[in-house]
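Heads up: the sequence shown at position 469 corresponds to 561 in this note's numbering, and the numbers run straight through without jumps.
We put the CB at the ideal spot given by N, CA and C, even for glycine.
Structure first, then comments.
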Amino acid sequence: MSPETQTTFPRHVRHGSNSGQPVSRRDGRLKVTGAATYAADNHPEGLLHAVIATSTIARGRVRSLDVEAAKAHPGVVEVITPANRMPLHHDPNEKMPPFGFRVEVLQDDTVRYVNQPIAVVVAETLEAATEGVRLLAPRYEEEDARTGLDNGLRHEAQSVGVGAPGTVSFGDLDAGLKGAARVTEGDYSTPPQYHNAMEPHAVVAEWDGDTVTIDMPNQALRMSAASYAAYFGIPAENVLIRSPFLGGGFGSKAILNGPQILGILAARQLGRPVKLVLTRAQMYGPVGHRGRTWQKLRLGTGDDGKLTALHHHSIGATSSFDDFVEPAANASLMLYESPAIRVEHEGLRLDIGTPGPMRAPGEASGSASLEIAMDEAAEACGMDPLAFRLANYAETQPGTGKPFSSKALRECYEQGAAAFGWAGRPLEAGTMRDENGFLVGWGMGTAVFPCPQFPAEARATLRADGTALVETGGADMGQGAWTALAQLAAESLGLDLDKVEFHSGRSDLPDGGVAGGSGHTASAGQALSNAGGDVIARLTELATGDPDSPLFGAGNIGVVAAEGRLHRRDDETRSQSYADILARAGQKELVGTGKSGRDPASAEAFAMHSHGAVFAEVKIDPNLMQVRVSRLVGAFAAGRIINPKLVRSQYYGGMIWGISFALQEEAVADRRTGRIMNADLAEYHVPVNADVPRMEAILVPEEDPRVSPLGIKGVGEIGVTGTVGAIANAVWHATGIRVRNYPIRIEDLL
Ligand code: MOS
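Here it is as structure tokens:
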């Protein structure tokens with residue numbers, strides 16, 4: 093491990109009871125009582141309300157806006173349009189690194205997608221601003237919208253720093269296909285899915301000269317602060333983002349978008365604090381979405397049931413002005429052994445808002461198709477789907493032959509199958525019925541997701557009374573960072589959790605990195621743990637150098653930190669409390685710092701993923717053909733588990749999204765206008781409790797000292813990945829009908 097970025101887990105720290113315990117969310121009470129403040133709960137003095145006017149056409153230009161009518165409405169303070177919008181320091185047409193997105197902030201009158209901001213009305217009340225928007229009565233010059241495969245512009249996919257879709261080829265695909273005993277192939281599609289976090293995007297901005305305080309839900313505080321600073325031409329430290337709680341993030345709140353910037357801009361331009369909250373409908377356009385894909389898979393198999401070739405081609409919809417393409421086919425580089433693999437991505441330019449990361453970007457859409465394709469290949473080989481996957485188990489990374497840092501997938505298959513009762517599943521489709529005469533089907537899928545560790549920083553302060561303050565500027569979008577990260581900090585400090593105060597969600601704290609990519613606990617947690625270790629090392633120095641301490645001279649023997657005391661390793665009855673050590677040294681507090689970031693040598697040498705296996709049962713009323721998921725079992729291996737209760741929650745959340753993906757979610761666009769017809773929670777279907785069956789998430793033990801000293805992988809996104817295909821395969825097993833287009837609907841089964 094690189095000593096510069098990581099200290100190994102301090103040996104003198106006893107693995108306490110904190111980490112590994114199913115502690116309930118420390119912020120749970122605040123949330124359920126309404127005491128937790130979300131961005132839009134802030135009402136600074138003199139607050140103005142901004143509402144964005146968004147386009148109702150997909151392509152063309154705004155010919156006129158009745159600005160006079162809007163301004164004449166009582167309470168309206170200003171209408172911001174391309175004609176009077178204050179200049180920005182960074183050209184919004186230029187992509188903003190590191191993720192490189194171009195934003196719509198009234199730079200011209202061109203309309204590129206439905207729900208693009210075309211004006212901002214600022215008023216003394218929300219009602220006045222809303223009415224002002226209505227009075228703008230925009231007129232357009234409209235062009236035909238490009239909405240699908242037939243009229244979009246196909247192009248080679250560009251790498252944009254998120255997911256990096258490209259073309260990757262190993263071995264001789266043609267030879268692999270020619271030499272196959274059989275080739276199965278299919279066309280698959282996944283729909284556009286839009287971000288529907290409970291909390292829509294919101295921003296409250298208040299300027300004081302050249303500094304700005306921004307309340308907003310944000311998954312990447314420091315990075316965003318730097319980007320806003322660039323847009324407004326001020327130093328990054330002049331931007332304070334506060335994001336203590338998020339009502340869901342899912343990737344959308346990690347990426348800068350136009351409406352956020354417009355809210356901050358309106359406050360600057362008008363010299364008063366401004367609040368801007370997106371309506372539910374406005375979430376469908378300017379804040380990213382899971383891009384639609386059209387995928388083709390070809391699998392060659394030999395008589396032994398082993399893959400001879402795997403070809404995965406994906407076309408991903410993107411906007412006319414940016415390049416994010418869902419890296420769906422990359423899923424085929426992670427899971428199965430094959431002498432020849434080729435994955436390819438193309439982009440398709442449509443008149444839509446730019447897609448972006450959404451929970452398990454790439455892997456969710458890619459594995460949803462790959463897992464059906466694997467099921468079809470197993471069927472063609474006359475093999476059980478699990479036996480087929482085991483026959484193609486990748487012992488090393490497909491194509492590269494790199495070893496995995498750890499891979500307990502076999503154990504996931506075993507434990508998941510046992511808990512589900514997979515053994516004895518009939519090979520043939522359409523043979524099982526339940527006591528009500530419903531069709532019953534069992535399907536499975538493999539889950540996989542990378543386990544990144546991002547650079548992050550943290551600070552730990554031990555106080556004179558023996559309690560500690562630990563700080564890292566990350567984000568808890570609901571995954572439980574307030575709890576799991578504090579557990580890690582407490583463990584590293586040898587303190588009970590209730591002695592540790594945890595601060596997060598502010599950009600002026602040490603950079604907590606990105607809460608995304610399922611990497612926040614691995615990243616910020618390691619930084620916090622290192623900061624705690626740093627404190628203990630300093631404390632040890634004080635105690636072992638103090639002739640009156642019971643620990644005097646114990647430096648070489650070592651000490652153990654536990655329960656707020658340092659103990660001699662060779663004689664734990666000889667100990668001294670932290671408070672005493674600090675008091676004797678005349679110190680009010682002791683500050684330690686820590687960083688994280690993956691060791692580059694390790695990253696180069698090993699392939700690193702979390703893995704899992706998901707087993708699904710569906711029941712289908714033969715008269716209605718309505719699909720209900722009746723059982724779902726997932727077994728996941730993701731390195732060291734810090735808080736099993738929270739981790740199970742993450743798996744459940746992922747698996748529920750899997751149900752959503754397989755059976756419910758789809759944004760449906762009107763082909764004539766490009767407008768999304770179901771841009772609300774009534775018609776954009778996501779699962780409710782009645783859609784969610786009894787679920788089981790099994791935590792398969794796995795140790796991985798290579799991913800990081802703490803051995804934490806990631807759990808946030810993997811649950812989606814195996815579940816989608818497992819459900820699709822269960823539908824086939826119940827009915828004999830192969831549906832290759834998501835979501836699977838009643839009409840597909842009639
Ligand atoms: Mo995620 S799509 O990295 O929040």
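Best match in L180, E234, I172 and S261 for proximity to A221 [C-alpha to C-alpha]: Start at 1 with the first residue of the sequence shown, and residue 221 comes out as number 129. Distances from the CA of A221 to each of L180, E234, I172 and S261 were compared; the closest alpha carbon is that of I172.
Just to check, is the beta-carbon of P284 closer than 7 angstroms to a non-hydrogen atom of the ligand MOS? Along the sequence shown, one-based indexing puts residue 284 at 192. Result no, Cβ not under 7 angstroms from the ligand MOS.
Measuring only from the beta carbon, is Q545 closer than 7 angstroms to any heavy atom that is part of the ligand MOS? Locating residue 545 in the sequence shown gives position 453, where the first residue counts as 1. It does not: the Cβ of Q545 is nowhere closer than 7 angstroms to a heavy atom of the ligand MOS.
When you compare only the Cα positions, how much space is there between D266 and L402? Here residue 266 refers to the residue found at position 174 of the sequence shown. Here residue 402 refers to the residue found at position 310 of the sequence shown. Roughly 10 angstroms separates the two Cα atoms.
Put S459 into one of helix, strand or coil per three-state DSSP. Locating residue 459 in the sequence shown gives position 367, where the first residue counts as 1. In this structure, S459 counts as helix in the three-state DSSP scheme.
How would you label N484, buried or exposed, when you count the other beta carbons within 10 angstroms and need 16 or more for buried? Residue 484 sits at position 392 when you count from the first residue of the sequence shown. With 16 or more other Cβ atoms within 10 Å, it is buried.
Helix, strand or coil for Q250 per DSSP? Mapped onto the sequence shown, residue 250 falls at position 158. Three-state result, Q250: coil.
Using only alpha-carbon positions, find the residue among L389, M290, L399 and S424 that is nearest to L370. Locating residue 370 in the sequence shown gives position 278, where the first residue counts as 1. Nearest of L389, M290, L399 and S424 to L370, Cα basis: M290.
Boundaries of the beta strand (DSSP E) in which H405 is found, first to last residue: What you label residue 405 is simply residue 313 of the sequence shown in a count that begins at 1. L399 to T410 is the extent of the beta strand (DSSP E) around H405.
Select from L620, D590 and E593 the residue whose C-alpha is nearest the C-alpha of G604. Position 512 of the sequence shown, counting from 1, holds the residue named residue 604. That would be L620, whose Cα lies nearest to the Cα of G604.
Does DSSP classify S94 as helix, strand or coil? On the sequence shown, position 2 is the one that residue 94 refers to. Low per-residue confidence applies at S94: pLDDT is 34, beneath 50, and the placement is therefore not dependable enough to give any value.
What residues in its chain sit with their C-beta under 6 angstroms from that of A322, if we drop five residues either side in the sequence? Counting from 1 along the sequence shown, the entry for residue 322 is found at position 230. Within the same chain, A322 has close Cβ partners H182.
Under DSSP, the beta strand (DSSP E) around G686 begins and ends at which residues? Position 594 of the sequence shown holds residue 686. Counting along the chain, the beta strand (DSSP E) containing G686 begins and ends at E681 to S688.
To the nearest angstrom, how far is the alpha carbon of V105 from that of G647? Taking the sequence shown and counting its residues from 1, one reaches residue 105 at position 13. Taking the sequence shown and counting its residues from 1, one reaches residue 647 at position 555. Summary for V105: the model assigns pLDDT 44, below 50, so the residue's position carries little reliability, and this model does not support an answer.
Determine which residues share a DSSP beta bridge with E563 and list them. Here the question's residue 563 lines up with position 471 in the sequence shown. E563 pairs with R551 and H595.
My understanding is that G224 touches A215, with C-beta atoms under 8 angstroms, so please give their C-beta distance in whole angstroms. As a working mapping, residue 224 is identified with position 132 in the sequence shown. As a working mapping, residue 215 is identified with position 123 in the sequence shown. Between G224 and A215 the beta-carbon gap is near 6 angstroms, inside 8 angstroms, which marks them as a contact.
Specify, as a first and last residue, the run of the beta strand (DSSP E) that L724 falls within. For the purposes of this step, residue 724 is taken as the residue at position 632 of the sequence shown. Looking at the DSSP string, the run of the beta strand (DSSP E) that includes L724 is V719 to A729.
From D840 to E219, what does the alpha carbon distance come to, in whole angstroms? On the sequence shown, residue 840 is found 748 positions in, with the first residue counted as 1. On the sequence shown, residue 219 is found 127 positions in, with the first residue counted as 1. Spanning the two alpha carbons is a distance of roughly 44 angstroms.
By Cβ distance, which residues of its chain are closer than 6 angstroms to Q113, with the 5 residues on each side in sequence left out? Numbered from its first residue, the sequence shown carries residue 113 at position 21. Cβ within range, chain order: n/a, list empty.
Got a sec? Which residues, its chain only, sit under 6 angstroms from Q618 by beta carbon, not counting five neighbours each side? Position 526 of the sequence shown, counting from 1, holds the residue named residue 618. Cβ within range, chain order: S688, S800 and L802.
If we count Cβ pairs, one from each stretch, closer than 8 angstroms, do we get three or more for the segment 478-492 versus the segment 542-558? no
Hey, how far is the Cα of T827 from the Cα of T393? Locating residue 827 in the sequence shown gives position 735, where the first residue counts as 1. Locating residue 393 in the sequence shown gives position 301, where the first residue counts as 1. The straight-line gap from Cα to Cα measures roughly 25 angstroms.
Along the beta strand (DSSP E) that carries W299, what are the first and last residues, could you check? Here residue 299 refers to the residue found at position 207 when the sequence shown is read from its first residue. Residues A294 to D300.
Within 7 angstroms: the Cβ of Q311 and any heavy atom of the ligand MOS? Stepping through the sequence shown from its first residue, residue 311 is reached at position 219. Within the cutoff, so yes.
Measure the C-alpha to C-alpha separation of D762 and I768 and round it to an integer number of angstroms. Counting from 1 along the sequence shown, the entry for residue 762 is found at position 670. Counting from 1 along the sequence shown, the entry for residue 768 is found at position 676. For D762 and I768, the gap between their C-alpha atoms comes out near 6 angstroms.
Distance between S147 and E186 (C-alpha atoms, nearest Å): Your numbering for residue 186 matches position 94 in the sequence shown. Your numbering for residue 147 matches position 55 in the sequence shown. Those two C-alpha atoms are separated by around 22 angstroms.
Where does D307 fall in DSSP's three states? Here the question's residue 307 lines up with position 215 in the sequence shown. Strand, per DSSP.
Just checking A346 against the ligand MOS - is the residue's beta carbon closer than 7 angstroms to any of the ligand's heavy atoms? Locating residue 346 in the sequence shown gives position 254, counting from the first residue. At least one heavy atom of the ligand MOS is nearer than 7 angstroms to the Cβ of A346, so yes.
What whole-angstrom Cβ distance do A822 and G611 have, given they're in contact under 8 angstroms? Position 730 of the sequence shown, counted from the start, is the residue given in the question as residue 822. Position 519 of the sequence shown, counted from the start, is the residue given in the question as residue 611. At roughly 31 angstroms, the Cβ-Cβ gap does not stay under 8 angstroms, so A822 and G611 are not in contact.
Test item: CB-CB of H405 and G258 under 8 angstroms: Locating residue 405 in the sequence shown gives position 313, where the first residue counts as 1. Locating residue 258 in the sequence shown gives position 166, where the first residue counts as 1. Between H405 and G258, the C-beta spacing is not below 8 angstroms.
Backbone secondary structure at G392 - three-state DSSP: Numbered from its first residue, the sequence shown carries residue 392 at position 300. If DSSP states are grouped into helix, strand and coil, G392 belongs with the strands.
When we look at the beta-carbon of K499 and count the other beta-carbons within 10 Å, is it buried (16 or more) or exposed? On the sequence shown, residue 499 is found 407 positions in, with the first residue counted as 1. K499 is buried by the Cβ-count criterion.
Closer than 7 angstroms to a non-hydrogen atom of the ligand MOS - does that hold for the CB of F193? Looking up residue 193 in the sequence shown gives position 101. F193 Cβ: outside cutoff for every heavy atom of the ligand MOS.
I'd like to check one pair, V812 with G746: are the Cβ atoms closer than 8 angstroms? Counting from one through the sequence shown, the residue named residue 746 turns up at place 654. Counting from one through the sequence shown, the residue named residue 812 turns up at place 720. Yes, the Cβ-Cβ distance between G746 and V812 is below 8 angstroms.
With DSSP run on the structure shown, which of helix, strand or coil describes P351? Here the question's residue 351 lines up with position 259 in the sequence shown. Residue state, collapsed to three classes: helix.
Measuring alpha carbon to alpha carbon, tell me which residue in N349, G684 and G726 is nearest L501. For the purposes of this step, residue 501 is identified with residue 409 of the sequence shown, where counting begins at 1. Considering only alpha carbons, the answer is G726.
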